[in-house]
Structures are given as structure tokens and as C-alpha cells.
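These notes are about the structure you will find just below.
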Amino acid sequence: MAVLGVMAVGLMFLLDPLGQIAKANDAKRKSDLEQLQRTLETYYNDNGQYPPHSVAPDPLYRIKPPTGYTEWGSVWTAYNTTLPKDPTPSTRNYVYFAGSNGQSYFLYANLEKSGDPQLCSNLDVNGECPSISTNSITAKSCGPSPGQPCNYGVSSPNVSP
167 MAVLGVMAVG
177 LMFLLDPLGQ
187 IAKANDAKRK
197 SDLEQLQRTL
207 ETYYNDNGQY
217 PPHSVAPDPL
227 YRIKPPTGYT
237 EWGSVWTAYN
247 TTLPKDPTPS
257 TRNYVYFAGS
267 NGQSYFLYAN
277 LEKSGDPQLC
287 SNLDVNGECP
297 SISTNSITAK
307 SCGPSPGQPC
317 NYGVSSPNVS
327 P
């Protein structure tokens with residue numbers, strides 16, 4: 167019986183269920199940002215600029231459906247009727263920031279797996295993508311705690327997260 171217990175514990179460590187959940191959450195985050203990226207490019211092709219980011223009511227530039235802090239309005243619904251949300255919305259957010267001239271954008275998320283090869287390169291001292299501080303985005307916009315920096319990003323083709 168003791169052998170079965172040891173084997174069961176060993177199997178739990180081998181399968182790492184929490185790690186698998188984190189990996190699935192990160193895959194959804196990447197997929198959501200890629201979907202938004204495709205939609206933003208279609209929007210740009212039709213309008214000659216990307217939609218502006220919202221400062222009010224949310225100065226952290228978060229995408230928080232269903233209230234949708236980003237104020238893209240009814241023009242956006244022709245491109246995407248619903249905004250995606252992080253799989254753990256009570257603790258993490260997606261962040262959208264557009265350049266002032268509408269010719270560039272950045273989308274950010276917090277990945278749970280710190281060893282993910284697609285994390286932003288050259289993370290800053292807060293563990294965030296370098297463009298977070300470059301664009302004066304409030305640190306920790308992707309999550310409320312220090313362990314949830316905006317460490318993954320995608321952007322328009324002319325800039326880099």
C-alpha cells in the first residue's frame with residue numbers, strides 16, 4: 167500500500183497539473199492577443215489608423231470586458247463583437263496601447279510560465295516588456311500583484327514590444 171502511495175505522489179509531480187493549467191492559460195492568452203492583432207490589422211487597412219486607447223475610465227489601458235474599458239465604440243463591432251478577456255480575469259488583464267498618431271499599437275498580457283520562450287526579450291527590472299516604460303504605461307497594468315507583470319506582448323508590424 168505504501169508503494170502505491172509513493173507512486174501516486176510521484177505521478178502527481180510528473181504530471182504537474184498546476185503547470186498544465188498555467189500552460190493552457192498562457193496558450194489562451196497568446197491566442198487572444200493574436201486574434202486581436204489580426205482584427206486590429208483589418209481595422210487599420212479599412213481606416214488608415216489603429217483605434218485609440220482609452221485613458222478614462224481606466225488609466226491603465228486595460229481591456230476589461232464586458233464593460234470594455236477600451237472605448238472603441240460601435241465602429242469596432244464590425245470587426246469584433248466581443249473583446250477577449252484573460253482566462254483569470256479577476257487577477258489579470260490584457261492591455262492595449264496605441265501610438266498617438268494611430269500608426270502603431272501594443273498588446274500585452276501576463277504569462278504564468280516564467281520560462282516561456284515567447285516572453286518579451288530584455289525584460290525590465292519589473293519583469294515587464296521594455297515598451298511598457300517607454301510608453302509610460304503604469305507598471306503592473308496586467309495584474310495587481312508584483313508577480314503579474316506585462317511580460318508578453320505583440321504589436322503592430324512597425325514596432326516591437
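Everything in the sequence shown is counted per my numbering, starting at 167 for the first residue and increasing by one.
We put the beta carbon where it would ideally sit given N, CA and C, even for glycine.
Coarse secondary structure for residue 216, derived from DSSP in three states
Residue 216 sits at position 50 when you count from the first residue of the sequence shown. The answer is coil: DSSP assigns residue 216 none of H, G, I, E or B.
Own chain, CB closer than 8 Å to residue 186, minus 5 neighbours either side, in chain order:
The residue given as residue 186 occupies position 20 in the sequence shown. So no residue of the chain qualifies.
May I ask you to report which of helix, strand or coil DSSP gives residue 244?
Reading the sequence shown from its first residue, position 78 is the one you call residue 244. Reduced to three states, the DSSP call for residue 244 is coil.
Residue 319, DSSP secondary structure in three states
The residue labelled residue 319 in the question sits at position 153 within the sequence shown. Three-state result, residue 319: strand.
Which same chain residues, not among the five before or five after residue 288, have their C-beta less than 6 Å away from its C-beta?
Numbered from 1 along the sequence shown, position 122 holds the residue referred to as residue 288. Only 296 meet the Cβ criterion.
Best match in 273, 213, 263, 261 for proximity to residue 244 [C-alpha to C-alpha]
Reading the sequence shown from its first residue, position 78 is the one you call residue 244. Closest by alpha carbon: 213.
Using only CA atoms, which one of 218, 263, 195, 247 lies nearest to residue 300?
Taking the first residue of the sequence shown as 1, we reach residue 300 at position 134. Out of 218, 263, 195, 247, 263 has the C-alpha closest to the C-alpha of residue 300.
If you draw a straight line from the C-alpha of residue 316 to the C-alpha of residue 192, how long is it?
Your numbering for residue 316 matches position 150 in the sequence shown. Your numbering for residue 192 matches position 26 in the sequence shown. Those two C-alpha atoms are separated by around 13 Å.
Measuring CA to CA, which of 216, 182, 253, 260 is closest to residue 322?
Numbered from its first residue, the sequence shown carries residue 322 at position 156. That would be 216, whose Cα lies nearest to the Cα of residue 322.
Whose C-alpha, out of 268, 200, 290, is nearest the C-alpha of residue 260?
Numbered from 1 along the sequence shown, position 94 holds the residue referred to as residue 260. Comparing Cα-Cα distances from residue 260 to each of 268, 200, 290, the minimum goes to 200.
Where does residue 293 land, buried or exposed, given buried means 16+ other C-beta within 10 angstroms?
On the sequence shown, residue 293 is found 127 positions in, with the first residue counted as 1. The residue is buried, with at least 16 neighbouring Cβ atoms inside 10 Å.
What does DSSP give as the partner residues of residue 334 in its beta bridges?
The first residue shown for the chain is 167 and the last is 327, placing residue 334 beyond what the model contains.
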